[in-house]
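Enquirer:
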Amino acid sequence: MKYPLIQNFVNGQPVPSASARTLDVISPIDGTLLSKVPLSSKADLDQAVAAAQKALPGWSRTPIKERVQIFFRYKNLLEKNLKELSLLIQEENGKTYGEAVAEIEKSIELTEFATSLPQLVTGEVLEVSSGVECRTEYVPVGVVASIVPFNFPAMVPNWTIPNALALGNCMIIKPSEKVPLTLGRIASLLKEAGLPDGVFNIVNGDRVMVEAICDHPGIDAVSFVGSTKVAKLVYQRSTQHLKRCLALGGAKNHLIVLPDAMPVMTAQNVTASMSGCAGQRCMAASAMVAVGSVDHIIEKVCEEARKIVPGQNLGAVISREAKERIERYITEAEQQGARILVDGRNTSVTGKENGTYVGPTVIDYVKPDMAVAREEIFGPVISIIRTKTVDEALAIENANPYGNAASVYTQSGGIARYVTDRASAGMVGVNVGVPVPREPFSFGGWNESRFGVGDITGKSSIGFWTKLKKTTTKWNPESGINWMS
Ligand code: NAD
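Be aware that the sequence shown starts at 100, since it is given in this note's numbering, and climbs by one per residue.
(1) The ligand NAD and residue 305: does any heavy atom of the ligand fall closer than 7 Å to the residue's C-beta?
(2) With a 10 Å radius around its C-beta and 16 neighbouring C-beta atoms as the bar for buried, classify residue 580 as buried or exposed.
(3) Could you work out which residue in 327, 499, 362 is closest to residue 530 when comparing CA atoms only?
(4) Skipping 5 residues on each side, what residues in its chain have a beta carbon closer than 7 Å to that of residue 155?
(5) Buried or exposed, going by whether 16 or more other CB atoms sit within 10 Å of the CB of residue 537?
(6) Which of the three DSSP states is assigned to residue 481 in this structure?
(7) Taking 7 Å as the limit between beta carbons, can you name the residues of its chain near residue 202, skipping five residues before and five after?
(8) Within 10 Å of its beta-carbon, does residue 257 have 16 or more other beta-carbons around it, so buried, or fewer, so exposed?
(9) Does DSSP classify residue 70 as helix, strand or coil?
(10) Quick one: any contact between the region 396 to 416 and the region 453 to 460, if contact means 3 or more CB pairs under 8 Å?
(11) Once the 5 residues before and after residue 358 are set aside, which same chain residues still bring their CB inside 6 Å of it?
(12) Which residues mark the beginning and the end of the beta strand (DSSP E) in which residue 476 is found?
(13) Using only alpha-carbon positions, find the residue among 261, 147, 232, 507 that is nearest to residue 578.
(14) So, does the CB of residue 302 fall closer than 8 Å to a CB anywhere in chain C?
(15) Alpha carbon to alpha carbon, how far is residue 104 from residue 193?
(16) Name the one or two DSSP bridge partners that residue 592 has.
(17) To the nearest angstrom, how far is it from the Cα of residue 426 to the Cα of residue 518?
(18) Please report the straight-line C-alpha distance between residue 137 and residue 404, rounded to a whole angstrom.
(19) Going by other Cβ atoms of all chains shown within 10 Å of its Cβ, with 16 needed for buried, is residue 446 buried or exposed?
(20) Return the residue from the list 170, 133, 471, 216 that minimises the CA-CA distance to residue 539.
(21) Report the partner residues of residue 299 according to the DSSP bridge assignment.
(22) If contacts are defined as beta-carbon pairs under 8 Å, then residue 475 and residue 351 qualify, I think. What distance do you get, rounded to the angstrom?
(23) Which whole runs of the beta strand (DSSP E) in the region 188 to 256 are 3 residues long or more, in chain order?
(24) Please report the distance separating the alpha-carbon of residue 574 from that of residue 331.
(25) Spell out the partners DSSP gives residue 573 in its beta bridges.
(26) Quick test of your reading: residue 356 and residue 301, contact by CB under 8 Å. State the CB separation rounded to the nearest angstrom.
(27) Could you compute how far the alpha carbon of residue 213 sits from the alpha carbon of residue 168?
(28) Name the residue from 385, 435, 365 whose alpha carbon lies nearest to the alpha carbon of residue 402.
(29) Suppose the cutoff is 7 Å on Cβ atoms and the five residues either side in sequence are ignored; what does the same chain contact list for residue 293 look like?
(30) When you compare only the Cα positions, how much space is there between residue 534 and residue 522?
(31) Classify residue 223 as buried or exposed, calling it buried when 16 or more other Cβ atoms lie within 10 Å of its own Cβ.
(32) Can you tell me the Cα-Cα spacing of residue 113 and residue 107, whole angstroms?
(33) Could you give the DSSP three-state label for residue 132: helix, strand or coil?
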């Protein structure tokens, strides 16, 4: 085992879990046993919640301008430790080094946004009648939880950590049990940046811990990022316990490609979007809806896909089960009559035979009712669905239950606007393969890609991490008697 047994992080210290249950942490790159992660118990959560509750009065009353000083330092520490963090992400998640670096760069951008929060939460004041004023303040929610998936071991946690903490909350975070190492290192950087003990706590675990978080009376709000199946469970269970909840789910993102699209750029974008992070991005292109005669673009997509070399510019998928699931989808589509133009099944990387790689895969003549057209595959696979008209393409996009992202490739402004107006997705692109809104714009899908109100990052997240206090004050007796008196 390369690293020692992972510990929880409570009250500013690594602490062993009370639970004897553990899970192996395996590197998808070559199957190396990296560590073991404890599958913590309710007693571990109680300890973390108690630490957070103890830290809350001091932290929530610290002026925000002081709180964000810690995040200026944290941002500097992310920059200073970029290489080490990226290597760790690569090792436990299997993505390429460049993709891991991008994840830390995005974490830096997220932290940079958090340092601007004092400018965004100034509140309002108005004299509402003679001598009487109303003012609003953003007050922290309290002890909040963040439950995160495997695909971005640093970026998704940093969707929630800087904003939630800078706004005065204390946090319990539960990493994915598949990639728990990076978050442990992040905890030590937050401590080095000067974050008071108890403000940030990690409880490792699986489903048992997620359910305990949803049920815990000491937790006021739960944010979740992961699959739609679990997002629904977490949203239902936390709100049943009268908690505030924002749960982001899975995705099936459509790129609608028209014949007038720029061929080389479109093909490069489609391929990069479907294969980046081995297709394990909630913003990855999963279906290309080809409108009319776009064979010349499809040929170029195949050319681009063939240039990708697994183990070099394509990382591994997270596990053996994930590899088998993705390959099953491809085989099923083939059996149902779809054509596999580029086949990523049975991929193996020399010297890394225990790694879990799937090569880029292009499937043509996919019918809208096939599983590869409807379901989230979460692998480097693009399903091409052919239509005659833009309206048919939009009908396919609209019928999908998810709604994270959609994009259109065209040179016509009118058609681009027609599609962006009608696509049923929270994040829409024109000639952009991964239409992630960058800070200060907020990230969040629609439909079954998000349960709850508002987005998880950017300005929209302020509403989730705070409560608005409205104070009405009468300053002078001459303000007179009225219905407010
Ligand atoms: P997942 O839903 O399996 O796991 C997410 C978290 O939930 C993990 O911490 C895990 O321990 C926990 N969990 C798993 N099964 C559970 C259960 N039955 N009950 C309670 N908790 C459970 O997701 P994943 O495989 O880690 O991540 C991939 C998924 O995340 C994809 O569907 C992807 O689209 C989605 N995702 C969405 C976004 C977004 O912004 N919408 C971002 C990243 C990833």
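In this text, a Cβ means the ideal position worked out from N, Cα and C, and glycines have one as well.
Expert: The structure says:
(1) yes
(2) exposed
(3) 362
(4) 241, 242, 269
(5) exposed
(6) strand
(7) 188, 251, 253, 254
(8) buried
(9) In the structure as shown, the chain starts at 100 and stops at 584, and residue 70 therefore has no counterpart that could be examined.
(10) yes
(11) 391, 392, 393
(12) Per DSSP, residue 476 belongs to no beta strand (DSSP E) and is neither H nor E.
(13) 232
(14) This model lacks chain C altogether, as it is built from one protein chain only.
(15) 20 Å
(16) Examination of residue 592 is not possible in this model, given that the chain is present from 100 through 584 alone.
(17) 32 Å
(18) 39 Å
(19) buried
(20) 216
(21) 270
(22) 5 Å
(23) 224 to 228, 231 to 239, 242 to 246
(24) 48 Å
(25) 231
(26) Not confirmed; about 43 Å, so no contact.
(27) 10 Å
(28) 365
(29) 169, 172
(30) 13 Å
(31) exposed
(32) 6 Å
(33) strand
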